Ligand code: SF4
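In this note's numbering, the protein residues as written are 24 to 445.
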């Protein structure tokens, strides 16, 4: 198979690139050059093509999926539908409970969005950490690759990196689930990370299906105290080197970094540093700019994600109000996603300065056009629920400032109308 990178490097503008260019208002030739250089990836699923990276709008991913402690497939399908209807750009199925293959096929059937998985999860859930073999990991990878998955998150944490984190004065250690599983496997077997040891074979599987490789952020910080320590810097270097190898092999690649908990003063600097070190698209989980927002982590995450996106992050992974506490309900998925769609939009306002939609809504707000405002709101459904008939806002009643100004001060000379009203 010729991958998007190889086609772009050969000077071919693919249908997928044309579709992304049309939806983003970009020149297809220019976009194709960005794909050739690895600054943009095209995630595909059927006829759906999604561009992530330089010069494109910030994208948002919604994580769903069962856990061994909470397994309700109906809920996960509902979450997938909610995510798609509210405007998520991608879904990640992180299922580890019940029939994982069936769950994935139900999610694929319920939405048309590009789907990401962490194949390690299924291998571990079905085999157990103690008995996991390299062949379980690779067998699972090959089977999932045949199913039309758009992107894999893989944690390529090295033995050297694990030694580094053991010596670091972190409070939280490793908080990445996929990263901790790979670390346990390496310790139990006394081996190097099999994804690293067999990286060429891994790339071959991804290349065959043009699946985007997302290099997991094992060293993301579990609290703001732990952010930007030596293991994180080491991981960034190692992942950038792996990303270059993937790109050279024609495999599209995304870097995960600056995720987890990061002090708000440091978020923009860390993001710029990542983007300077390599031009690959940057995927950020959160980040949470404080550790103490439990119950409202989606709000804290929205602030961190807006800072991250404004500084250059290309792709955000949402956080729900259930973060640190449990598997989110469908309603919590909705809340988390709504918060991160706002963050992505604010990030784009900072990055690109374009505010056409904001201005269009402001014009309708000034005209007291409630339905027009709702149509342009990021969360159209919520804006409509608040006021289904498009009636005037009840906050100030007859003393609505906009109405007063329209009534008394909207003539050619506002002062005349004010005078007449006295
Ligand atoms: S009633 Fe008050 S809050 Fe509502 S639109 Fe008018 S000025 Fe704004």
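All C-beta atoms in this analysis are idealised placements derived from N, C-alpha and C, irrespective of residue type, glycine included. The structure presented is a predicted model; accordingly, all values stated were derived computationally and were not measured.
Residue i - DSSP class collapsed to helix/strand/coil
i	result
residue 428	helix
residue 349	coil
residue 86	strand
residue 197	coil
residue 74	strand
residue 30	helix
residue 454	Only positions 24 to 445 of the chain appear in the structure, and residue 454 is not among them; the question remains open.
residue 128	helix
residue 277	strand
residue 98	helix
residue 237	strand
residue 177	strand
residue 80	coil
residue 322	helix
residue 123	helix
residue 9	For residue 9 there is no data in the structure shown, the boundaries of the chain being 24 and 445.
residue 40	helix
Residue from the options whose Cα sits closest to the Cα of residue i
i	options	result
residue 263	180, 292 and 153	180
residue 95	105, 426, 35 and 119	119
residue 294	371, 277 and 331	331
residue 288	49, 248 and 202	248
residue 211	155, 79, 170 and 422	155
residue 145	290, 33, 160 and 329	160
residue 117	426, 139 and 157	139
residue 185	416, 257, 251 and 171	257
residue 48	24, 80, 25 and 71	80
residue 91	368, 68 and 121	121
residue 4	109, 31, 170 and 292	Because the chain is modelled from 24 through 445, residue 4 falls outside the range shown and cannot be assessed.
residue 352	34, 89 and 25	89
residue 406	344, 25, 33 and 109	109
residue 260	301, 426 and 230	301
Residue i to residue j span [Cα, whole Å]
i	j	result
residue 397	residue 364	16 Å
residue 83	residue 432	43 Å
residue 430	residue 388	15 Å
residue 167	residue 393	47 Å
residue 151	residue 228	24 Å
residue 29	residue 361	36 Å
residue 439	residue 424	Summary for residue 439: the model assigns pLDDT 48, below 50, so the residue's position carries little reliability, and this model does not support an answer.
residue 54	residue 41	9 Å
residue 162	residue 386	56 Å
residue 383	residue 421	25 Å
residue 356	residue 404	15 Å
residue 265	residue 204	20 Å
residue 478	residue 269	Outside the displayed span of the chain (24 to 445) sits residue 478, for which this structure offers no information.
residue 69	residue 271	25 Å
residue 217	residue 51	38 Å
residue 314	residue 123	32 Å
residue 449	residue 153	One cannot answer for residue 449 here, as it falls past the ends of the chain, which runs 24 to 445.
residue 78	residue 107	23 Å
residue 427	residue 434	12 Å
residue 3	residue 213	Outside the modelled stretch of the chain, which goes from 24 to 445, sits residue 3, for which no answer is possible.
residue 252	residue 36	41 Å
residue 299	residue 254	19 Å
residue 344	residue 417	29 Å
residue 267	residue 164	21 Å
residue 24	residue 93	39 Å
Check whether residue i and residue j have beta carbons under 8 Å apart
i	j	result
residue 446	residue 245	The chain is shown from 24 up to 445; residue 446 falls before or after that span and cannot be answered.
residue 370	residue 333	yes
residue 141	residue 176	yes
residue 87	residue 99	yes
residue 274	residue 173	no
residue 311	residue 286	no
residue 39	residue 27	yes
residue 73	residue 111	no
residue 358	residue 321	yes
residue 215	residue 182	yes
residue 85	residue 341	yes
residue 57	residue 76	yes
residue 290	residue 276	no
residue 323	residue 316	yes
residue 202	residue 178	yes
residue 419	residue 366	no
residue 127	residue 170	yes
residue 401	residue 368	yes
residue 391	residue 415	yes
**OP:** Check whether the region 330-341 touches the region 293-313, counting contact only when three or more Cβ pairs, one atom from each stretch, lie closer than 8 Å.
**Re:** yes
**OP:** Taking 8 Å as the threshold, find out whether the region 51-65 comes into contact with the region 99-111 through three or more Cβ pairs.
**Re:** no
**OP:** Answer yes if the region 188-200 comes into contact with the region 122-132, meaning at least three C-beta pairs across the two stretches below 8 Å, and no otherwise.
**Re:** The region 122-132 vs the region 188-200: no contact.
Original post:
On the three-pair Cβ rule with 8 Å, is the region 235-244 touching the region 213-224?
Top reply: no
Original post:
Can you list every residue whose CB sits closer than 6 Å to some heavy atom of ligand 3, going in chain order?
Top reply: Because ligand 3 does not appear in the structure shown, any question about it cannot be addressed here, the ligands present being ligand 1.
Subject >> At least 3 beta-carbon pairs within less than 8 Å: the region 343-355 vs the region 375-385 >> reply: Because the criterion of three Cβ pairs below 8 Å is not met, the region 343-355 and the region 375-385 do not touch.
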